[in-house]
Structure formats: structure tokens, C-alpha cells
Amino acid sequence: RGGACADSGGKMASTAAGKQRIPKVAKVKNKAPAEVQITAEQLLREAKERELELLPPPPQQKITDVEELNDYKLRKRKTFEDNIRKNRTVISNWIKYAQWEESLKEIQRARSIYERALDVDYRNVTLWLKYAEMEMKNRQVNHARNIWDRAITTLPRVNQFWYKYTYMEEMLGNVAGSRQVFERWMEWQPEEQAWHSYINFELRYKEVDRARSIYERYILSRAWVKVSILAALVLVHPEVKNWIKYARFEEKHSYFAHARKVYERAVEFFGEEHMDEHLYVAFAKFEENQKEFERVRVIYKYALDRIPKQDAQNLFKNYTIFEKKFGDRRGIEDIIVSKRRFQYEEEVKANPHNYDAWFDYLRLVESDTDAETVREVYERAIANVPPIQEKRHWKRYIYLWINYALYEELEAKASKRTRQVYQACLELLPHKKFTFAKMWLLYAQFEIRQKNLPLARRALGTSIGKCPKNKLFKGYIELELQLREFDRCRKLYEKFLEFAPENCTSWIKFAELETILGDIDRARAIYELAIGQPRLDMPEVLWKSYIDFEIEQEEYEKTRNLYRRLLQRTQHVKVCVGTQDRESLSSHQPRFRLMKGGGKFLNSIKQAYLSRKKLIHMCHSCDVNDTGTGKRQYWRKSRRRLYSREPCGFYRSDAGWEEYYDYIFPEDTANQPNLKLLAMAKLWKKQQQESEAAAMDPDKDIDESQT
470 RGGACADSGG
480 KMASTAAGKQ
490 RIPKVAKVKN
500 KAPAEVQITA
510 EQLLREAKER
520 ELELLPPPPQ
530 QKITDVEELN
540 DYKLRKRKTF
550 EDNIRKNRTV
560 ISNWIKYAQW
570 EESLKEIQRA
580 RSIYERALDV
590 DYRNVTLWLK
600 YAEMEMKNRQ
610 VNHARNIWDR
620 AITTLPRVNQ
630 FWYKYTYMEE
640 MLGNVAGSRQ
650 VFERWMEWQP
660 EEQAWHSYIN
670 FELRYKEVDR
680 ARSIYERYIL
690 SRAWVKVSIL
700 AALVLVHPEV
710 KNWIKYARFE
720 EKHSYFAHAR
730 KVYERAVEFF
740 GEEHMDEHLY
750 VAFAKFEENQ
760 KEFERVRVIY
770 KYALDRIPKQ
780 DAQNLFKNYT
790 IFEKKFGDRR
800 GIEDIIVSKR
810 RFQYEEEVKA
820 NPHNYDAWFD
830 YLRLVESDTD
840 AETVREVYER
850 AIANVPPIQE
860 KRHWKRYIYL
870 WINYALYEEL
880 EAKASKRTRQ
890 VYQACLELLP
900 HKKFTFAKMW
910 LLYAQFEIRQ
920 KNLPLARRAL
930 GTSIGKCPKN
940 KLFKGYIELE
950 LQLREFDRCR
960 KLYEKFLEFA
970 PENCTSWIKF
980 AELETILGDI
990 DRARAIYELA
1000 IGQPRLDMPE
1010 VLWKSYIDFE
1020 IEQEEYEKTR
1030 NLYRRLLQRT
1040 QHVKVCVGTQ
1050 DRESLSSHQP
1060 RFRLMKGGGK
1070 FLNSIKQAYL
1080 SRKKLIHMCH
1090 SCDVNDTGTG
1100 KRQYWRKSRR
1110 RLYSREPCGF
1120 YRSDAGWEEY
1130 YDYIFPEDTA
1140 NQPNLKLLAM
1150 AKLWKKQQQE
1160 SEAAAMDPDK
1170 DIDESQT
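What follows is the structure, given as C-alpha cells:
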């Protein structure tokens, strides 16, 4: 029984223990949100505020005897050593330890700690500085020198060591020692500030010659630099600003000749490949201070001619200011021209095919520069050939060649170069696609001025053979007319009419030439050939010219025949009126009277003309007339220009304006839309008139009421 009880008791105990290990999860009965919500941000802020709460300071410990002091030192040293033992690389622990020993005047112990720290990390700059400062505070000069020597030997590229070392020696009055440190430093080719510190050091002790020698070493110092797998000796500080500082140093100490020599050496040193505007601006200002104005002007012009324009903005600005202060009007104009040249250069560089910019640029250089410069700009301009062989793209470009040729002929007086320009342009043009007759004619006129007629004729003949145009034929004919070469003119007219038989002006000019030469039959034959062409551009002008020709020759019968032939081709009213007017003048021209048997044709013309006038006179009094066939006609009032008429009957000069009535017939299909609109307008007008008449007649209302 006891054993059973023990077993059951053990089971019950284990069950109770299991129940105690697994606590029940409390059920939340109210799951509604609390009235006051606490955010994570609020929790973090409260925690941060509690960190800032000031803890009560530890109680001050007063040491009263040596034994207690030694005990305190032992505890502190043990704490520092434990921290160092935990992490030797944390240099701040070493520094705190050494500074604590220094505060107790235990310099030897502090020195030992610094040495142990340097064994751990000798590259730590702060460690060296703290070590040396400790020695200097305690007036341990030799120890401090020893530390600075070790520091600059171990880490020679840390400039702070050198600055501190030289400053310490200078403060101690050891000028020679400080200079020696500077010399050791300069062997390492340090940065620019180090050289300036050395120079300023020498100037503080009035050692100008030493400072000059340092400047010489400074601007020409060289060092070995690794390039790929090789080493090269290169200049360390070849910048322009260092040369300028050297020259200003000489100027400041009134060594003006030396300063000018430095500037000249700098210009020679950099050459034309590495020119810098700042050097020339400084050089010019130096010469300006010395009242050497011509030298200043030469320097500016030399630099502006060689430095790219985009890199010479400051140079140009200073040159402008100088000329305004000390220059004359010509110098100021040169400045303005230079500025405009720079602007044009930028424009043509941005878009080489901007021919308008080239024209402006060329006008500028022609007015101010020599012939070689102008030719250079022209060559650059004509080199920008249009990329597309379409005439509209070449119209502006061709004037570059024309202006170039005119400049060579009129300004440069170089006839040989002018001929070369014309020939080069004509070779460049794609004559199979298009040509410019102006260029051929200008070339021919140039050869005429040079009294070289065969070359002029050859050029015009070549142009007609390669690319015949109306303008080329006209120009060639005009040339031969001026030379009174009429046989050549006849041949040219024949070629011209073979090329363009529809050109009425050419036929007329050819016939007029023959008339002037007295060959009437040949002129008449030309007119006959002309009116017999199937296609003509201005046939009315040609017929009029033929009729005028016959009238001038007093061939009135032939004139009548021409009118008859013309009326067979056209029924235009001007032809009829011109014929009638010509016949009406027969009574005043005895030699142009009608023959008795030849009036049938002219009578028909007169009857048509008189019936037309009578019809107009009858229709003036009414708006809408009945033609007698059941159809109606309408008229409208208009204005037209009057022209005076020559005896041939065609209008010539302006004689003013007149009002007339234009008659519209219903059968005229072209006027159908206007006809309907006019009819509606007339109907509305009639209704308005009837309503007004009824309103003004009182008896009409009485009669209507009685009925």
C-alpha cells in the first residue's frame, strides 16, 4: 500500500508540476481599442528623454595620505591596462592612459605608454602628434626633435608633421634648423602650399635671394612618376598660376626687369600649344603698370590671334577695357571687329551651311583685314557645298562664288585669280541637273572686260551646249548685238528658236532685228513661221506685233488679211473692236480707205458693233428686260479701268476708271448661281415697293372694306 501510495503521489506531483510549467493564456474579454492610444514613436521618445535625465554625481573622494594615493594609482592603472588588454587597437585608450600619467607628472611612464602604442600602430598620425606635443609642453626639446624626426622619416607625406616641426624650430629661434627641415621637406616635392610656406619663411627674415632661388626650384621642380611599367621625370608644378606668382613676387620687390623676364620665360615655356589667357592678361597688366602701352597692345593681339576664341573671353574683356582707357578710336573699332568676328566664327562653326552668317562674316573681314585673310575666309565658305543637288539649296551658296570673284577682280585686282574662281565654280556645278545662267554670263562679261573676246564666246558657247536656257541665249545675243555681229545674232536666234519654238518674245525680237537691218521679207517670213507654230506662250502679243509691223510698212491690205486670219482663230471682243476701230480711222487715213468691193466683211463687223451699242443703250433704263423670246435678262453696275488705244486698236496706257452695266443672260450657264440670287433680290425689292405704296394710299383700304 505504501508503495502504491508513493507511486500515485509521484504521478500527482508530476501532473501538478506540468500544470505549473504551462500557464494558461488569458482570454481578452474586451477587444475594443483603448481610449488613449500609445504609438511606437511615443515610446521611443519617452525612452530617449529618460536617458537624458541627470544621474546624481558620484561622491568626491579625498586622498589624505600617500598610501591612499598609491592605492588609487594602482586601481586606475589596472583599469587602463585591462581596457588595453581587451582591445589593443583602440588608440584612444592608449592616449587617455598616457595623458593621465602626464597629469600626474609621470613623464617617463607616459613616454613608455606612447612607445608601446607606436609599436601597435605607427601609422596613426594623432598618436605621433600627441606624443610630440607632450614633449613640447614639458619643454623636452630634444625629445620633441627626436619624435618629429622619427615621424617625418616614417610618414614623409604627412604635411602636418613638417609644419609642426618647422614651426617649433622657428619658435625656438633656430632659423638654420628650420631651414634645414624645409630643405629636407622640399626633396619630397610636396604640394604648392609647402613651397609657399618655405618662401614666406625666407621673406620673414628678408632673404629675397633665397626666396627667388626657391621660386626657381618650385616652378621647374621635377620628380620621377611611374608611367605604366616605366618611370619618367616630369614637372611637378608647371601651372600658369605659379609663374604668375613668381613674376608678382619680383614686381612686389621692385625687380621689374626680373618680372618681365619671368613672364617672357613663361610664354616661351608654354609655347603655342598650351597657351593660357590668364598668363597673357597678367603679363599685359604688368606692362600697363609700367606704362608700356604698345607692349600691352602687342601682347593682347598676339594672344587673341592664337588662343581659341571660346577660351579667350577674359582676355578679350581686358583688352576692351585697356583700349577704352588708353587707346584711340581705331583701337576701339578693332576691338569691336574682333568681337564680331568671334560671334561669326561661333555661328559658322555651329552651322557651316548658314550662308547668311558667311555673308555677314565676309563683309566684316573685307572691310578690315588684308587680302590673304579674306581669301582664307572665302575658301572656308565655298568649301561648304550643299549636300543635296537641288537648285533651291544652291541659290544662296552660288552668291559666295560670285562675291569671291567680284572681290578678286574689283578689290584685289587679281584677274588671274578671278578667272580661276569662275572656272572652279563652273566645274563644281552639276550642269546635267541644273545650272546658273548668271554665273556663265558674269564670267563672259569678265572676259570681255579683260578684252578676251574668244574666251567669252567659248564660255557662252559651252554653256549653251551643256545646259541651254533662255537667259543664256538672250545674254549671248545681247553681247553680239553690242559687238554688231549681226550674222552671229541670226545664228543664235536660229538656235534659240530651235530650242524654244514656243517663245513668242524670241520670234518678235528676231523679226525686229531683221526689220532694223532692212530685210523686210525676212522679217515677214519670220512672223509667218512664228504664227504657224502649234504651241505659243503669248500668241496675242505675237499677232499684235505682226499687225503693227504691217502697219509700219503701210501694207494695209496685208493688215486686213491678218485681221481676217486672226478672226478665224478667235472671236474675242478685243479683236472685233480693234478691227472696227482700224476701219473707222480709214476716213482720216487716205491710204487706208475701204475699197468699194471689199466692205462686206467690214460691214458685218460694224453691224455687230452698232447692235452691241444699241442694246446697251436700251437696257440702261430698266433692271429686267424681255428679250422678245420669252426670256429675261438682268444687269448689274460695275467699275472698270480705261485705257487709251493706239491706232491698231489694242489697249496701251491707263486713262482712269468708268462705271458700266454688265448684262447677264439666262442662257449663260456660268452665271446661273448669280442669276438666281439676282432674281430673288429683285422680287424682294418689288415686294417692298408694293407694301410702301399700299401704306401711302388711304382710298385702297376704304374700297377693300366696302367690298
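Last residue of the sequence shown: 1176 in our numbering, with the numbers rising by one and none dropped.
Where a beta carbon is used, it is the ideal one built from N, C-alpha and C, also for glycine.
Could you check what DSSP says for E1159 in three-state terms: helix, strand or coil?
In the structure shown, the three-state DSSP call for E1159 is helix.
Report the rounded CA-to-CA distance for R993 versus K882, giving the unit in angstroms.
So the alpha carbons of these two residues sit roughly 49 Å apart.
Span separating the alpha-carbon of Y541 from that of Q568:
Take the alpha-carbon of Y541 and the one of Q568: they are about 16 Å apart.
Would you call T635 buried or exposed, if buried means 16 or more other Cβ atoms sit within 10 Å of its Cβ?
Under this definition T635 is a buried residue.
Nearest-angstrom Cα separation, counted from C958 out to E949:
Between E949 and C958, the C-alpha separation is close to 6 Å.
In or out: L573 buried (at least 16 other Cβ within 10 Å) or exposed?
Looking at its Cβ environment, which holds fewer than 16 other Cβ atoms inside 10 Å, L573 is exposed.
Measuring CA to CA, which of H743, P525, F942 and V497 is closest to L966?
Of H743, P525, F942 and V497, the residue nearest in Cα terms is F942.
Three-state secondary structure assigned by DSSP to Y724
Of the three classes helix, strand and coil, the one that applies to Y724 here is coil, per DSSP.
Taking its Cβ as the centre, do 16 or more other Cβ atoms sit within 10 Å of A509, making it buried, or is it exposed?
Taking every protein chain shown into account, the CB of A509 has fewer than 16 other CB atoms within 10 angstroms, so this residue is exposed.
Given a threshold of 16 other Cβ atoms within 10 Å of its Cβ, counted over all protein chains shown, does T887 qualify as buried or as exposed?
T887 comes out buried.
The alpha helix (DSSP H) enclosing F905, as first and last residue numbers:
Careful: F905 lies outside any alpha helix (DSSP H) and carries neither H nor E.
Going by other Cβ atoms of all chains shown within 10 Å of its Cβ, with 16 needed for buried, is M908 buried or exposed?
Under a 10 Å Cβ-count criterion, M908 is classified as buried, with 16 or more other Cβ atoms of the shown protein chains found around its own Cβ.
What alpha helix (DSSP H) runs, 4 residues minimum, are completely inside the stretch 644 to 699?
Correct list: 644 to 655, 661 to 673 and 677 to 688.
Between V644 and the rest of its own chain, which residues show a CB-CB distance below 7 Å, the 5 nearest in sequence each way excluded?
Leaving aside the five residues that flank V644 on each side, the residues in its chain whose CB is nearer than 7 Å to its CB run, in chain order, Y674.
Measure from the alpha carbon of H937 to the alpha carbon of each residue in E916, F903 and K960, then state which is nearest.
Looking at the sequence provided, one finds Pro at residue 937 rather than His. Distances from the CA of P937 to each of E916, F903 and K960 were compared; the closest alpha carbon is that of F903.
Out of E638, W631 and I805, point me to the one whose CA is closest to E656's CA.
Measuring from the Cα of E656, the nearest candidate turns out to be W631.
Cβ contact (3+ pairs, closer than 8 Å) linking the stretch 555 to 571 and the stretch 525 to 533:
The stretch 555 to 571 makes no contact with the stretch 525 to 533; the number of CB pairs closer than 8 Å stays below 3.
Between the beta-carbon of Y824 and the beta-carbon of Y876, is there less than 7 Å?
No.
Nearest-angstrom Cα distance between L513 and E504?
Straight across, the Cα-Cα distance linking L513 with E504 is about 20 Å.
Under three-state DSSP, which class holds G934?
G934: helix per DSSP, three-state reduction.
Is the beta carbon of I564 less than 7 Å from the beta carbon of K599?
Yes, the pair counts as a contact, with Cβ atoms nearer than the cut-off.
Let me know the secondary structure DSSP gives T984 once reduced to three states.
Helix.
Quick test of your reading: E815 and I804, contact by CB under 8 Å. State the CB separation rounded to the nearest angstrom.
Not quite, the Cβ-Cβ distance comes to about 17 Å (not below 8 Å), so this is no contact.
Going by DSSP in three states, L1181 sits in which element: helix, strand or coil?
Since the first residue of the chain shown is 470 and the last is 1176, residue 1181 is not available in this structure.
8 Å Cβ shell around E971 - same chain, five flanking residues per side excluded
Result list for E971: Q1002, R1004, L1005 and D1006, in chain order.
Where does Y912 fall in DSSP's three states?
Residue state, collapsed to three classes: helix.
How would you call I616, buried or exposed, if buried means at least 16 neighbouring beta carbons within 10 angstroms?
Taking a 10 Å sphere around the C-beta of I616, we find 16 or more other C-beta atoms and assign the residue as buried.
Please state the DSSP three-state secondary structure of T974.
Shown here, T974 sits in a helix according to DSSP, grouped into three states.
Which class does D618 belong to by DSSP, given the choice of helix, strand or coil?
The answer is helix: DSSP assigns D618 an H, G or I state.
Cβ neighbours of V834 in the same chain (closer than 8 Å, five flanking residues each side left out)
Scanning its chain for C-beta atoms nearer than 8 Å, with the 5 sequence neighbours on each side dropped, one finds around V834 the residues R810, T842, V843 and V846, in chain order.
For D745 and P707, the rounded distance between their alpha carbons:
Distance between the alpha carbons of P707 and D745 is about 12 Å.
Proximal residues to A826 (C-beta, below 7 Å), its chain only, five neighbours per side dropped
Within its own chain, the residues whose Cβ lies closer than 7 Å to the Cβ of A826, once the five positions on either side in sequence are excluded, are Y813, E816 and V817, listed in chain order.
Can you find the residues in the same chain that come closer than 6 Å, C-beta to C-beta, to R991, ignoring five residues on each side of it along the sequence?
E983.
Element boundaries [alpha helix (DSSP H), containing G944]:
From DSSP, the alpha helix (DSSP H) with G944 extends over N939 to Q951.
With a threshold of 6 Å on Cβ separation, who are the neighbours of V535 within its own chain once the five nearest residues in sequence on each side are excluded?
Within the same chain, V535 has no close Cβ partners at all.
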